[in-house]
Amino acid sequence: MIDMGDTIDCPECRLEFEKDDIKALESDQILAISEKLNFIRNIKNNNKT
1 MIDMGDTIDC PECRLEFEKD DIKALESDQI LAISEKLNFI RNIKNNNKT
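When you line the sequence shown up against UniProt numbering, it's residues 1 to 49, in that order.
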């Protein structure tokens, strides 16, 4: 994660997140987002083989 002031950039998923949005999310919502990202990574890795 790269702190860009009002936003945070994720070089791994190439997305930009507003800090205010992150603060507004509940922890279970953040977990759901990270689970989805992990699921997508697994699919991408399986398609490489």
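Each residue gets a CB set at the ideal place from its N, CA and C atoms; glycine is no exception.
None of these values were measured; they are calculated from a predicted model.
In the displayed model, aspartate 9 falls within a strand according to three-state DSSP. Taking the CA atoms as reference points, glutamate 35 sits about 24 Å from aspartate 6.
Within the same chain, Cβ atoms closer than 8 Å to the Cβ of cysteine 10 are found at Met1, Ile2, Glu16, Phe17, the five residues on either side in sequence being excluded.
If the five residues before and after lysine 19 are omitted, its C-beta is found closer than 7 Å to the C-beta atoms of Asp6, Thr7, Ile8, all from its own chain and listed in chain order. Minimum Cα-Cα distance from cysteine 13 among the listed residues Arg41, Ala24, Asn45 corresponds to Arg41.
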